[in-house]
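Undergrad: Quick note: the sequence shown uses my numbering, first residue -13, plus one each step.
C-beta atoms are modelled at their ideal positions from N, C-alpha and C, and glycine is treated no differently.
Since we're looking at a predicted model, the values are computed, not measured.
Below is the structure I would like to discuss, written out as structure tokens.
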Amino acid sequence: MGSKTQNWKALPQPGLDEIVPVSPLAQIVRGNYHTPTFLIHGTNDDLIPWQQSQGTYNALMNEGVTAGLVLVDGAPHICDLSSNPQSDGWKAVLKGYEFLCSHI
-13 MGSKTQNWKA LPQPGLDEIV PVSPLAQIVR GNYHTPTFLI HGTNDDLIPW
37 QQSQGTYNAL MNEGVTAGLV LVDGAPHICD LSSNPQSDGW KAVLKGYEFL
87 CSHI
């Protein structure tokens, strides 16, 4: 098993007709998304820029969707897996749990 693709960057890019149905941001700005959402993002994420979460949060707020955001200063991509209760990632997750519990 496995892909025969040698260079995934050379694959053709999907069109908007394929992207929009699976894009959370597209669904938010189209008014199709209403679920309270809490985002946690490390500002030192080397995979996904933290600005993406900021933009998603802003879009949620603009559409009137209840949302929360914690940017964990200097944290990497997986900033919420710490086993240290004093870490900023741990504290961000606790804020997320509080947010979720207030909406169930």
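(1) Whose C-beta lies closer than 8 Å to the C-beta of Asn70 among residues of the same chain, with five residues either side of it excluded?
(2) Tell me whether Ala12 sits in a helix, a strand or coil according to DSSP, three-state version.
(3) Count the other CB atoms within 10 Å of the CB of Asp3; is the residue buried (16 or more) or exposed (fewer)?
(4) Please specify which runs of the beta strand (DSSP E), each continuous and at least 3 residues long, are wholly inside the region 1 to 60, giving them in chain order.
(5) Just checking my contact of Val51 with Tyr19 at CB under 8 Å: how many whole Å lie between their CB atoms?
(6) Quick one: using the 10 Å Cβ neighbour count with 16 as the cut-off for buried, is Val79 buried or exposed?
(7) Would you call the CB atoms of Ala45 and Thr23 closer than 8 Å?
(8) Go ahead and pull the three-state DSSP assignment for Asp74.
(9) Which same chain residues, not among the five before or five after Ala12, have their C-beta less than 8 Å away from its C-beta?
TA: Looking at the coordinates:
(1) Trp76
(2) helix
(3) exposed
(4) 23 to 28 and 53 to 58
(5) 6 Å
(6) buried
(7) no
(8) helix
(9) Ile5 and Val6
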